[in-house]
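Peer 1:
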Amino acid sequence: PEVARSVRDAGHEIGHHGYLHESVRGADEATEEGYLLRGLEALDSVLGLRPVGYRPPSCDLTYRTTTLLARHGFHYCSGFMDSDHPYRHASGIVELPMHWSLDDWNRYNYVPGYTSSPILPPSVVVDAWYEELEGLVAVGGLFDLTMHPFISGRPARALALEGLIARAREIDGLWIAAGDEIATWVEGLGLPPVTHEPPVVPPAGQPGGATTWTTPTMP
45 PEVARSVRDA GHEIGHHGYL HESVRGADEA TEEGYLLRGL EALDSVLGLR PVGYRPPSCD
105 LTYRTTTLLA RHGFHYCSGF MDSDHPYRHA SGIVELPMHW SLDDWNRYNY VPGYTSSPIL
165 PPSVVVDAWY EELEGLVAVG GLFDLTMHPF ISGRPARALA LEGLIARARE IDGLWIAAGD
225 EIATWVEGLG LPPVTHEPPV VPPAGQPGGA TTWTTPTMP
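Laid out in structure tokens, this is it:
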């Protein structure tokens, strides 16, 4: 709690990222909403705030996630990987898309028996991220970098990240902002809503039919 309060007191935005990093794969609506509410209660009791942004644990979502977010007062979600630009869901929730290529997990993290990714040097990682940044700047897109404190918090990685931020600040016209600021800006653009519809699954026994069906992750 003390660490979380120090982040808040330093002026950083606090978002919702689940309660116990729960996956919603196969969860019914009541269970998914329960995860959401429990996280809100924890943030309120420890930090006295109600977040406006949501990053789904492991980026697992259902087709009802953004509707639940809108029901509980969120302004934006950041978990879909279907665009290089922010957009607005039919629920009214703004989407700030992310992507695994802009995540430190698969570049730095190694857990014996769990992850098999090599541990890359920070210089290699930030150079790759800068290439991604240049590409997104070229199309006027959103560079949404996902960091984990226990992964990118190591000294060499934190130092490299500072260097990446310094390089980013030298790009003319680049806006560096918090998620809530970007979402507020997107809300004012009057973008047409985007609807994500579940695919039509043939009944079991028919060609292409499934014998079991669970709610897929998005995208």
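Heads up, the sequence shown is in this note's numbering, so the first residue is 45 and it goes up one at a time. Every residue, glycine too, gets a C-beta built ideally from N, C-alpha and C. It should be emphasised that the depicted structure is a prediction, and the values quoted were computed from it without experimental measurement.
1) In three-state DSSP terms, what is G83?
2) For P45, which residues of its own chain have a beta-carbon under 6 Å away from its beta-carbon, when the five flanking residues on both sides are left out?
3) State the beta-bridge partners of H60 as determined by DSSP.
4) For P263, I'd like the list of residues in its chain whose CB is within less than 7 Å of its CB, leaving aside the five on either flank, ordered along the chain.
5) Could you tell me if V168 is buried or exposed, where buried requires 16 or more neighbouring beta carbons within 10 angstroms of its beta carbon?
6) Take the Cβ of V68 as the centre, count every other Cβ of all protein chains shown within 10 Å, and call the residue buried at 16 or more, exposed below.
7) So what's D147 in DSSP terms, helix, strand or just coil?
8) According to DSSP, is E214 helix, strand or coil?
9) Given that a residue counts as buried once 16 or more other Cβ atoms are within 10 Å of its Cβ, and exposed if not, what is P226?
10) Output the distance between the C-alpha atoms of T256 and P242, rounded to the nearest integer angstrom.
11) Just curious, the beta strand (DSSP E) that R49 is in, first and last residue?
12) Is it the case that the Cβ atoms of S196 and D148 are separated by a distance below 8 Å?
13) I'd like the span of the beta strand (DSSP E) that includes G131, first residue to last.
14) Just to confirm my understanding: we take L189, look at its own chain, exclude 5 residues before and 5 after, and list those with CB closer than 6 Å. What are they?
15) Given that a residue counts as buried once 16 or more other Cβ atoms are within 10 Å of its Cβ, and exposed if not, what is S160?
Peer 2: Looking at the atomic coordinates:
1) helix
2) V90
3) Y98
4) With a pLDDT of 39 at P263, under the threshold of 50, the modelled position of this residue cannot be trusted; read the value that follows with caution. The answer, listed in chain order, is F124, M125 and D126.
5) exposed
6) buried
7) strand
8) coil
9) Checking the sequence, you will find Ile at residue 226 rather than Pro. With 16 or more other Cβ atoms within 10 Å, it is buried.
10) Low per-residue confidence applies at T256: pLDDT is 45, beneath 50, and the placement is therefore not dependable enough to give any value.
11) Taken as a continuous stretch (DSSP letters only), R49 belongs to no beta strand (DSSP E), being part of the alpha helix (DSSP H) at E46 to D53.
12) yes
13) Looking at the sequence shown, residue 131 is not Gly but Tyr. Unbroken beta strand (DSSP E) run through Y131: Y131 to H133.
14) L146
15) exposed
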